[in-house]
Each structure stands twice: as C-alpha cells, then as structure tokens.
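Reminder that position 32 of the sequence shown reads as 32 in the UniProt record's numbering, one-by-one numbering, no gaps.
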Amino acid sequence: MHFGPNELNLKTKLTIGMSRSINIADFFFSSFHKVAQGQAGVCERVVCPRGRVCVAHTEDSGKNYSTCECKTTCPVDDSAPVCSYYNLQFGSVCEMHRFDYNCMEAAQFPGRYLEWIMIAREQSLDPGYSLNLSARADSLTEEERKEILSWEFGYIDANSNKILDKIEIDRLYKDILDHEPCVYGFLESCDQDGQEGITPLEWDSCFPQTL
C-alpha cells in the first residue's frame with residue numbers, strides 16, 4: 001500500500017462502520033444441502049465455506065439434511081492450537097472457523113479497502129484534500145470505480161508488468177495484515193485462474209460495484 005505511518009493509522013480508524021459486502025467466491029457457495037431420506041453421514045461430503053461448519057439435521061418426516069452454519073461456540077476441551085494464514089494462532093480449529101466467519105460477515109473488507117483507495121487517490125491528486133469521512137464506495141459510478149481500482153493496481157504493480165506478482169502481493173500483506181487479517185483470504189480469492197499473480201480483470205472482479 002502507499003500510505004505513510006500517519007495515513008495508515010487514519011486508515012485503521014476507518015475500518016469500523018463502512019460498506020456492507022465482500023467478494024470472496026467461497027462465501028457464495030450454497031449453504032443448504034438436502035440429502036436422501038435415511039442417508040447416513042450427511043456431512044461426510046459437504047464442503048462448507050470458510051468460517052462455517054457442517055451441521056446435520058433431521059426433519060419431522062425423517063429426512064436428513066445438513067446446513068453450513070457459523071460456529072458460535074466451541075467445546076471447552078477442543079484445545080489443540082492451530083496456526084492459520086491470518087498470521088494468528090488459534091486455540092482450536094473451531095476458534096479459527098469462528099474468526100473466519102466474523103472476518104467474512106463483519107469485516108466487509110472490499111468496501112473498506114475501496115474507500116481507502118478513494119481517499120488515497122484524492123490526496124495524491126490534491127495534497128490539500130480535506131478528508132471526507134462520509135465517503136462511500138457505493139456512491140461511485142462504474143466508471144469511477146474502475147478508474148480508482150486501476151489507479152491502485154498501477155501503484156501496487158511496481159514493475160508495471162500488468163500482473164500483481166508474489167513480491168508485490170507480499171508487500172501489500174506486510175503493510176496491512178496486522179490491521180486487516182482478512183486481506184489474505186480476500187487476495188487469495190482474487191486469483192481466479194489459479195495462475196501465479198493477479199491480473200487487472202481479476203483485480204476488478206474483487207470489487208463489485210454494489211457494496
């Protein structure tokens with residue numbers, strides 16, 4: 001990122017109460033899985049989005065089904081420490097899932113990030129820019145959104161090869177991971193083709209117009 005220490009502190013203060021959306025593909029998986037009557041192990045082949053766990057249910061009719069739900073509590077004896085890609089250690093897998101879910105539901109990272117970019121861009125164009133705390137990414141037109149995202153992509157793309165490569169992404173992690181643990185999962189989701197690096201098209205798709 002291109003914020004100095006003071007701007008980074010200001011940026012951190014902007015992390016509460018911003019827009020309401022997130023664009024991580026895993027989170028759009030279906031959360032409801034019906035299965036045939038009498039089938040055992042209804043969660044055996046269910047893959048839930050990060051932050052949710054499979055919970056088995058039985059209808060009054062006897063049909064079994066499963067849902068992917070946020071883990072709100074964790075067993076006291078579930079205490080095996082777990083390291084995660086959030087650069088944090090959790091007391092158990094359950095605790096990590098709880099954090100994951102909060103990260104996706106409450107952090108709303110793409111909206112906040114886009115709003116930071118709006119402010120940073122304005123400040124770069126006009127050093128006398130007065131910070132507008134009411135600036136909202138959801139007020140942008142599609143053209144404005146693309147222009148702002150292109151500006152940020154160009155800044156991160158230090159070698160100007162039109163790809164955000166590992167070194168550039170790692171630099172971004174280093175700058176904001178302590179303040180925004182969700183950035184890891186967010187950037188991982190941007191790499192949609194499985195190839196190393198993030199293309200301009202992938203970058204744009206990470207920030208939907210409606211936030």
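By construction, the Cβ of each residue, glycine as well, lies at the ideal position given by its N, Cα and C atoms.
{"query": "Cα-Cα, which of W116, P208, Q123 and S124 is closest to I176?", "result": "W116"}
{"query": "Please tell me whether I156 and M118 are closer than 7 Å, where the distance is taken between their beta carbons.", "result": "no"}
{"query": "Opposite L149 in the DSSP bridges: which residues?", "result": "According to DSSP, which records beta bridges pairwise, L149 is partnered with nothing at all."}
{"query": "Would you give the residue range spanned by the alpha helix (DSSP H) that residue 227 belongs to?", "result": "The requested residue 227 is not part of the displayed model; the chain covers only 1 to 211."}
{"query": "With distances taken Cα to Cα, identify the nearest neighbour of G62 among E69, S150, C54 and V42.", "result": "V42"}
{"query": "Residues in its own chain within less than 7 Å of E152 by CB, not counting five upstream and five downstream?", "result": "I117"}
{"query": "When the Cα atoms are used, what is the spatial distance from C68 to C54?", "result": "5 Å"}
{"query": "Judging by CA-CA distance, which residue of R121, T58, E59 and L114 is the nearest neighbour of S205?", "result": "L114"}
{"query": "Kindly indicate which residue of F186, L140, I163 and Q195 has the alpha-carbon position closest to the one of Y173.", "result": "F186"}
{"query": "Rounded to the nearest angstrom, how far is the Cβ of I163 from that of I198, given a contact under 8 Å?", "result": "7 Å"}
{"query": "Could you please give the first and the last residue of the uninterrupted alpha helix (DSSP H) stretch that includes A120?", "result": "F109 to L125"}
{"query": "Give the straight-line distance between the Cα atoms of H57 and E44, rounded to the nearest whole angstrom.", "result": "13 Å"}
{"query": "Quick check on DSSP: helix, strand or coil for V55?", "result": "strand"}
{"query": "In or out: P110 buried (at least 16 other Cβ within 10 Å) or exposed?", "result": "buried"}
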